[in-house]
Each structure stands twice: as structure tokens, then as C-alpha cells.
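Okay, structure first, notes after.
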Amino acid sequence: MKRRYAVTLLCAAIATSACSDAPVSRLTEHMVHAELERAARAGYPARVVLDGAPSAAVKAGEDETVLVLGAKSVHVVPSPAFAPFTSAGFEEWLVRVWVAPYLAVSDVDGAYRAAVRGYTHALEDQHVLSRGAPLPPLPSPNEWGFTFPSHNADWGLPLSFVVFALCFVVERFTRRT
Amino acid sequence: MAIGVDVARRRIVARTLVAALQLAALATVLAFRFPRGFALDDAWIHQVVARTFVETGVLGFDPSHPGSGATSLLWTLLLSINPALFHVAPPVFTILVTAGCLLGCGQLIYGLALADGLDDAEAALVAVAFAASGNVVWFAASGMEVTLVVLLTLAALHFAFSKASLRSSGSAGAVLVLLFFTRPETILFGFLLVLVRRRTWREVGALLGPVVIAAAVYATVNVSHTGHAFPVTFEGRRWLSRIGLLGATPVDVGWSLLGQWFDRLAEYTLGTPSPLVFFVALGLAFSGVHRLVTERRARLATIVAWAVVHTLVYVALLPSLGHGGRYQPFVPAVFSVGAVFGALRLGESVAARAALPARRAVAWALVLPLVFAMSRAVVAWGDANTLAVQHEDATELAVARDVAALPADAVVASFDIGAIAYFSRRPIEDLGGLVQPAIVPFLREGRAVEWLRHVKATHLVLPLGYRNDLPEPFNFGDILRVFGSSELRLQVVADHVTPLVSWLGGVRATSNSAPRQRLYRIVWQRGAP
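Going line by line, the protein sequences match chains A and B.
Going by numbering that gives the first Met the number 0, the final residue of the first sequence carries number 176, and the count climbs one at a time with no gaps.
Going by numbering that gives the first Met the number 0, the final residue of the second sequence carries number 528, and the count climbs one at a time with no gaps.
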């Protein structure tokens, strides 16, 4: 009996710890990492930071370009190598073409991926990066406000385990009495 | 004697009720008329293979590449009966076959639940939850092999759990062979059947021997034709499923698929996108599955185990749900069964001290809201399927007519090859890796243009999104790296697009195809190939 309870609680704990309510999913972080590595190999390293995060305190002149993603816009702190791009209006273009559709629906995860794709796309356009293997398509912005239960798994899965545990306890209780 | 007659009559009533509810659900999904088309382009690929088989004797999309285009050989063989004998409209013939399979699933699962010791009402509830829930019923309307896969799986399970004998193991083994030729990955189901019930070595041999031999022959034939043991279509579909997951870890892939299933189960099996309702129902489903296991309902528990194993196989090999969840058809079925069974047992536990009628009333009172919600999902599938078929007709079939009108010497390459090949009645160069595995390295490395040059393509049909300047999920010009290539210039010949609202209504449920199909003439920039 105790062992079963322990197993149930363990399952719930695993489910809770595996889910996260962070604005950027682990999947996105990993995908973006792979994409930015390609740019870094070409001599244009970059990273994305969320505005307000401790890592967002960056200064111009660093070796890597930093895309600071805010709730409404993106601020680009270029590396010396990337500075010509920003002088040519990269930041405005990045926001308008790539990031704005996601930020308009408060989709930070999508905006994060779009910002990186805009960055690598700009490098490809200028033939700094070769147009190699296909890259993952970006998710469509959720303009229609559809509800996705998977976006609520951080509290939803623990709720499922609570319901499961409740059923289990009720059954045990009635069997004993 | 009278008791026996009563039981038999009750069971006939229960079986009739299950079948009637399934037919009502299927009629709702089909909008109460015989289908005039398919929601999925892949369904037309099967029809092309069936027609090619009747005309040339080669079971393949391209007569020069046996086995190409479709993985499900048994399904295409069944479909070929129509062009060989009946010549009725393919969607009508197909729905008659799949409706038969669906009804068979309902009857088999009812029988399995009874054999597991459930009473008539519980068995009927399980059968309806399994085989009349929205997503499962839509599989029958999709024109694909899915319902046959479910039917054969249940049939194999039925024989495998029959009275232990060489004959029943042999029958299960024969069904497993049919199942293998419907979906090759289901060979693992045979191994699961060996694990869940103790047998003599001879019985194990009778159960697994035929399917292992069939798999060896199949792999040998594949190697001789293509150099790969896996089906011809596998590499192409694998490339497509992996392209959206570049950089993802195996755990990411697993969570991504799980998340997609959460969204799909909520809206298209439970009938509501509400996270609160869904996660409560998921908790009930966990409880229902737990009760099936602890009550030793071996047959139903085996189906649950198979749903898990089958899904994990896809996570490892082909991380995709497929159109409308068709790759893992047991997931929605098991979710439905688990949820209603969990609710039923919870109700019985809550009212355990009450008299039997009151206890049952409480139990069914908990089940009914779930059944009501799930019936809403069936209605939603009706709307979605109608819109998806209209979209298919307005884009894929329309561009097929344009392709048919091209000069006889035109060489047409297309990513979607089903309806275009069926209705244009001309050879189509496949850009999705379903016909020739040799193209897949080109796709993977972004060198599709080289392949177009290799096949001397003069025209190109691409699925596209509403905007071509963004790498949207349906922008195949970007995915194939055709857009922006300095090798060719693309001139638009025809363009067919479905308005956003109609397209969304169909694609969210069926994941059928891009909103736009565009036919281009290729102008080669460095001399014609």
C-alpha cells in the first residue's frame, strides 16, 4: 500500500518537474541552439536573452550579437562583425517581419524562435551563411487565440495525478469499510 | 435455460446498440451522405497504387518501383478490388470497406471486454468508447488503412487469448501476418502477445513464426528493390517528421508528441479544448487504466500496453502523429476507454454503501457527462471532415486538372502526389520521398533543385502557406529550398487556395494539407537539363 502511494507520488513529482511554465520551452532552447551554432561557425555568434533577465545586461562591443527580446519589441546589441547589419536597419526589419506576429499574441516562445530565424535569414541573404539543409518551419502565430491544453501542462498534469490519487484513495477507503 | 436465453438476448441488444451508435457516429462524421472525396491526399495515393496494380500487376505508385508510394500493401490490395471488379467511386467503395472494419472493431472489443469479465452494460460502454469516439470514427472516413489496422489488432488479440491451443496461436499468427502487411511496425504486437500470456514453445512458434518469416521476406524484397530493408515510404516520412525537430533531444521529441496528443485528445476526442476538463478526464483515464490492470482485465490491459509501446516506437522512429493522429490510432481509443471506465469505477466506489440500483445510477451519472462531451467531438469531426474534403477538392483536385491540361511532354514534379496523379492520370515526379528513397538525401541537404534537374522537370507543384516570405509550416518552397535558388526561375501557371477560416476548420482536426497548391513552370537559368 505504502509502496503504491510512493509510486503515485513519484509519478506526480516527475510530471511536475518535467513541465515548466517558463516563457521559452526546452524544445525551443535546443532548436535555437542548433541554429545559432551554424551562425557561430560562420563567425557570427549570437544569443537571445529575455528582457529583464539577469543575462540581459549586455554592452555593445561584445564578441557575440545579443538579441534582447522584450514583451513588445527586440533590441539588438551587435558584435563588431554584425554592426553593419544593424546600421542597415536590421533591428526594425527583425521586429516587423519576424517577431511582431508572435509578440502581438504574447507568444514569447514563438518570438524567441522567430528572432533567431530572422538573424540567420539575414546572414543567408548576405551570403555570409550558406543556404544549406532545410531549417525547421516556424510555428504559426496563434492569431485566433486557440486554447492548447499542452500549454497548461505545468499545472494540468499534477491535476491529473491528483484526480488519479483521489480515485485511488476513494476506492481503497470504500474497500476497507 | 431461461437465464441463458436472457443473457443471449441482452448481448444481442448490446451488440446491436454498439453497432447502431457506431453507424450514427460515422454518419455524423460523413455529414449524413456518401463521401465524394477524401480529406487526405494520401488516401488518393492508395487509390493510385490500387489502380496501378489492376492495370500493370505492380503494387506501387510507380510501376517501375514496386512497393512505392504506400506502406500498406494489404490495404491497397483490398482497394484494388474496386477498379478490378466494381468501378464505383473510390470514396464510396472505401467507406463501405472501412465501415465494415469499424463495425468489426466494435463487435470485437465488446467480445474482448465480456471475455475479460465485464458485464454487458460495461462491455457495451467500453466498446462504444473505443470504437465510436470521434477520432477513431474519423479514421474510417479518412480513406486510410487505420481502421483495418485496429480491426486486425483486435482480431489477433481475440485469437491469442482464446483457449490455449496450437490452433488459436496459429490463427493469431495468421492475423499477425495480415496486420504486418497493413502496417509493418505492428510486428511488435506479436512479441507483446507472447509476453502477456504463458504459452508452450510450439504455441509461441505458431504465433510468431509466420510473421517473422513474412517480415524476412518483405525486408529481402525491399533490399533487392531499394537497398533498404524498411518500406520505401519510410525515409521520406521520417525526413518530414524530423525537419520540424532539428536540435531536439529524444526527451524533447517525446514531450512534443505528448503535448500534441493532449491538444488533440482534448478537442477531438473529449470535445472541449478546456485544459481543466481535459486534465481531470486524463486523471480519470489514468485511474481507469489502473483499474483495468488491478482487476486483471488482461485483454483490455494488453490494448493499453500496446498503445504505449506503439507510440514509443513512433517516438523513436517516426516522431509524428500523422494526419489526424492516424499513426497512433490506439491513443484516442484507450484514452476514451480509460476515462469512462475510471468514471464508472469512481462512481461505484463513491456509492459503495448504497443499494445496487443506486450505486449504478451514481456510476452512470459520472459517465454521462463524458459521453455527452465525446459526442460533441463526433459532431466537430463532421464539420472538420466536410471542410477538409472541400479544401482537398478546391486545391489538390483543381491543380490536378491544370496538370492534366499541360502538354504531353511536360515533366511534373510535386510534393503532394495523390490526387494530382489520380486525376491527371500522368506520371508525377515525387518530391516527398515516398516513391524513391534516393531523393531523401537531396531533401535532407536542401538540394531538391538538383533532383528537379536530374528528372528534367518542366513544371513544379508546391504546397504553400498564405505568405511565401516566411518559413511557415506549410511553405514547402522554403522547406525544399526551391525559393531563392539561383538555378531556376518559377513562373506561376495556376494557383488554388482555400480561405483561411475554412482551411483552419479542416486542418486543425485532420492536419491534411497546406492552404494553397501552386503550379509553376520552371525556367532553368543555366541551360535546360
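Glycine included, C-beta positions come from ideal geometry on N, C-alpha and C.
Only a predicted model underlies this, so the values are computations on that prediction, with no experimental measurement involved.
Residue ranges of each beta strand (DSSP E) run of no fewer than 3 residues wholly in the region 379-413 of chain B, ordered along the chain? Runs found: 411-413.
Would you decide whether residue 468/B is buried or exposed? Buried here means 16 or more other CB atoms lie within 10 Å of its CB. Numbered from 1 along the second sequence, position 469 holds the residue referred to as residue 468/B. Classification of residue 468/B: exposed, given that the 10 Å Cβ count is below 16.
Helix, strand or coil, according to DSSP, for residue 63/A in the structure here? Residue numbering aside, residue 63/A sits at position 64 when the first sequence is read from its first letter. Correct three-state label for residue 63/A: coil.
Could you confirm whether any beta carbon from chain B is found closer than 7 Å to the beta carbon of residue 151/A? Working through the first sequence from its first residue, we reach residue 151/A at position 152. At least one chain B Cβ lies under 7 Å of residue 151/A.
How would you call residue 154/A, buried or exposed, if buried means at least 16 neighbouring beta carbons within 10 angstroms? Here residue 154/A is taken as the residue at index 155 of the first sequence, counted from 1. Counting Cβ neighbours within 10 Å, residue 154/A comes out exposed, since fewer than 16 surround it.
Quick one, are the C-beta atoms of residue 420/B and residue 427/B less than 7 Å apart? Position 421 of the second sequence holds residue 420/B. Position 428 of the second sequence holds residue 427/B. For residue 420/B and residue 427/B, yes; Cβs fall inside 7 Å.
Any contact between the region 99-106 of chain B and the region 82-91 of chain B? By contact I mean 3 or more CB pairs, one from each, below 8 Å. no
Are residue 117/A and residue 93/A closer than 7 Å when you measure CB to CB? Mapped onto the first sequence, residue 117/A falls at position 118. Mapped onto the first sequence, residue 93/A falls at position 94. A contact, by the Cβ cut-off of 7 Å.
Is residue 126/A close to chain B? Criterion is C-beta to C-beta, closer than 7 Å. Here residue 126/A refers to the residue found at position 127 when the first sequence is read from its first residue. It does not: the Cβ of residue 126/A has no partner Cβ on chain B nearer than 7 Å.
Would you decide whether residue 63/B is buried or exposed? Buried here means 16 or more other CB atoms lie within 10 Å of its CB. If you number the second sequence from 1, residue 63/B lands on position 64. Classification for residue 63/B: exposed.
Beta-carbon proximity check, residue 514/B vs residue 497/B, cutoff 7 Å: Translated into positions along the second sequence, residue 514/B becomes position 515. Translated into positions along the second sequence, residue 497/B becomes position 498. Their beta carbons are under 7 Å apart, which means residue 514/B touches residue 497/B by this criterion.
Proximal chain A residues relative to residue 281/B, where beta-carbon distance stays under 7 Å: As a position in the second sequence, residue 281/B is number 282, starting the count at 1. 159, listed in chain order.
Whole-number beta carbon distance between residue 139/B and residue 199/B, since they are thought to touch under 8 Å: Within the second sequence, the letter at position 200 stands for residue 199/B. Within the second sequence, the letter at position 140 stands for residue 139/B. At roughly 38 Å, the Cβ-Cβ gap does not stay under 8 Å, so residue 199/B and residue 139/B are not in contact.
By a C-beta neighbour count over all protein chains shown, 10 Å radius and 16 as the cutoff for buried, is residue 517/B buried or exposed? Sequence index remark: in the second sequence, residue 517/B carries index 518 (1-based). With 16 or more other Cβ atoms within 10 Å, it is buried.
Test: residue 102/A CB closer than 7 Å to a CB of chain E: This model lacks chain E altogether, as its protein chains are A and B.
For a quick check, are the C-beta atoms of residue 128/B and residue 339/B less than 7 Å apart? If you number the second sequence from 1, residue 128/B lands on position 129. If you number the second sequence from 1, residue 339/B lands on position 340. Cβ atoms of residue 128/B and residue 339/B: closer than 7 Å.
What is the rounded straight-line gap between the Cα of residue 390/B and the Cα of residue 202/B? Mapped onto the second sequence, residue 390/B falls at position 391. Mapped onto the second sequence, residue 202/B falls at position 203. Going by the C-alpha atoms only, they are around 50 Å apart.
Hey, is residue 277/B's beta-carbon within less than 7 Å of any beta-carbon in chain A? The residue you call residue 277/B lines up with position 278 of the second sequence. Closer than 7 Å: yes.
Classify residue 176/A as buried or exposed, calling it buried when 16 or more other Cβ atoms lie within 10 Å of its own Cβ. For the purposes of this step, residue 176/A is taken as the residue at position 177 of the first sequence. Residue 176/A is exposed by the Cβ-count criterion.
Shortest alpha-carbon distance to residue 510/B belongs to which of 79/B, 141/B, 65/B? On the second sequence, position 511 is the one that residue 510/B refers to. The shortest C-alpha to C-alpha distance from residue 510/B to any of 79/B, 141/B, 65/B is the one to 141/B.
Proximal residues to residue 207/B (C-beta, below 6 Å), its chain only, five neighbours per side dropped: For the purposes of this step, residue 207/B is identified with residue 208 of the second sequence, where counting begins at 1. Cβ neighbours of residue 207/B within its own chain (closer than 6 Å, five residues either side excluded): 189.
Whole-Å CB distance - residue 532/B paired with residue 29/A, under 8 Å assumed: Outside the displayed span of chain B (0 to 528) sits residue 532/B, for which this structure offers no information.
Tell me residue 101/A's beta-bridge partners as DSSP assigns them. Residue 101/A sits at position 102 when you count from the first residue of the first sequence. For residue 101/A, no pairing in a beta bridge is given by DSSP.
Closer than 7 Å by beta-carbon distance: list the chain B residues that pair up with residue 135/A, in chain order. Position 136 of the first sequence, counted from the start, is the residue given in the question as residue 135/A. Per Cβ cutoff of 7 Å: 242, 243, 244, 245.
Of all Cβ atoms in chain A, is any one closer than 7 Å to the Cβ of residue 345/B? For this step, residue 345/B is matched to residue 346 along the second sequence. Answer yes: the Cβ-Cβ gap between residue 345/B and chain A drops below 7 Å somewhere.
By DSSP, does residue 127/A sit in helix, in strand, or in coil? Translated into positions along the first sequence, residue 127/A becomes position 128. Note: residue 127/A maps to coil in three-state DSSP.
Nearest neighbour of residue 522/B, chosen from 506/B, 505/B, 456/B, 499/B [CA to CA]: For the purposes of this step, residue 522/B is taken as the residue at position 523 of the second sequence. It is 456/B.
Measure the beta-carbon distance from residue 425/B to residue 403/B and round it to whole angstroms, keeping in mind my assumption that it falls under 8 Å. On the second sequence, position 426 is the one that residue 425/B refers to. On the second sequence, position 404 is the one that residue 403/B refers to. The beta carbons of residue 425/B and residue 403/B sit about 7 Å from each other, so the pair counts as a contact at 8 Å.
Could you tell me the distance, in whole angstroms, from the CA atom of residue 136/B to the CA atom of residue 270/B? Numbered from 1 along the second sequence, position 137 holds the residue referred to as residue 136/B. Numbered from 1 along the second sequence, position 271 holds the residue referred to as residue 270/B. Cα to Cα, the separation comes out at about 14 Å.
Examine chain A for any beta-carbon lying closer than 7 Å to the beta-carbon of residue 351/B, and answer yes or no. Along the second sequence, read from residue 1 onward, the residue named residue 351/B stands at position 352. It does: the Cβ of residue 351/B has a partner Cβ on chain A nearer than 7 Å.
Given a cut-off of 7 Å, decide if residue 110/A and residue 98/A are closer than it, judged by their beta-carbon atoms. Position 99 of the first sequence, counted from the first residue, corresponds to residue 98/A. Position 111 of the first sequence, counted from the first residue, corresponds to residue 110/A. Their beta carbons are under 7 Å apart, which means residue 98/A touches residue 110/A by this criterion.
Beta-carbon neighbours of residue 444/B, restricted to chain A and to distances below 9 Å: Start at 1 with the first residue of the second sequence, and residue 444/B comes out as number 445. Those are 131, 132, 133, listed as they occur along chain A.
Residue 141/A versus residue 106/A: straight-line alpha-carbon distance, rounded: By one-based count along the first sequence, residue 141/A stands at place 142. By one-based count along the first sequence, residue 106/A stands at place 107. Distance between the alpha carbons of residue 141/A and residue 106/A: 8 Å.
Using a Cβ-Cβ distance under 7 Å, would residue 272/B count as near chain A? Position 273 of the second sequence, counted from the first residue, corresponds to residue 272/B. Interface criterion met: the Cβ of residue 272/B is under 7 Å from a Cβ in chain A.
Pull up the distance between the alpha-carbon of residue 352/B and that of residue 8/B, whole angstroms please. Residue mapping note: residue 352/B aligns to position 353 of the second sequence, counting from 1. Residue mapping note: residue 8/B aligns to position 9 of the second sequence, counting from 1. Rounded to whole angstroms, residue 352/B to residue 8/B spans 31 Å at the Cα level.
Look up residue 5/B in the DSSP assignment and say whether it is helix, strand or coil. Locating residue 5/B in the second sequence gives position 6, where the first residue counts as 1. Looking at residue 5/B - three-state DSSP - the assignment turns out to be helix.
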